[in-house]
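Have a look at the structure below, then the notes.
Residue numbers (this note's numbering): 9 to 65.
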């Protein structure tokens, strides 16, 4: 539900503060080349930008 709410309340150019954890993972792709991924586990977020007056939401 947090992801759905985040999607509804934010958009391109909106400023947000996020509290959570970053997790880094490594794996080898199908060619054997090492790859890295970053996952963000959000515990809380705060929308810092004011509401858009022209938004239809």
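Every residue, glycine too, gets a C-beta built ideally from N, C-alpha and C.
Close-in-space but distant-in-sequence residues of the same chain around residue i (CB under 6 Å, 5 per side omitted)
i, result
"residue 22", "57"
Host beta strand (DSSP E) of residue i (start-end)
i, result
"residue 45", "42 to 55"
"residue 36", "24 to 36"
Cutoff 7 Å; reference residue i; Cβ partners in own chain excluding five residues on either side
i, result
"residue 42", "34, 36"
"residue 3", "Outside the shown range of the chain, which is 9 to 65, sits residue 3, and nothing can be said about it."
"residue 32", "44, 46"
Residue interval of the alpha helix (DSSP H) (run including residue i)
i, result
"residue 4", "Here the chain comprises residues numbered 9 to 65, so residue 4 is not present and cannot be evaluated."
Euclidean distance between Cα positions of residue i and residue j
i, j, result
"residue 26", "residue 46", "15 Å"
"residue 16", "residue 55", "11 Å"
"residue 30", "residue 50", "9 Å"
"residue 20", "residue 38", "33 Å"
"residue 11", "residue 40", "33 Å"
Check: residue i C-beta below 6 Å from any heavy atom of the ligand SAM
i, result
"residue 38", "Although the ligand SAM was asked about, the structure shown includes no ligands whatsoever."
Beta-carbon contacts of residue i that lie in its chain and below 8 Å, excluding the five residues immediately before and after
i, result
"residue 65", "Here the model assigns residue 65 a pLDDT of 49, short of 50, so the residue's position is not dependable, and the following value carries that caveat. The residues are 16."
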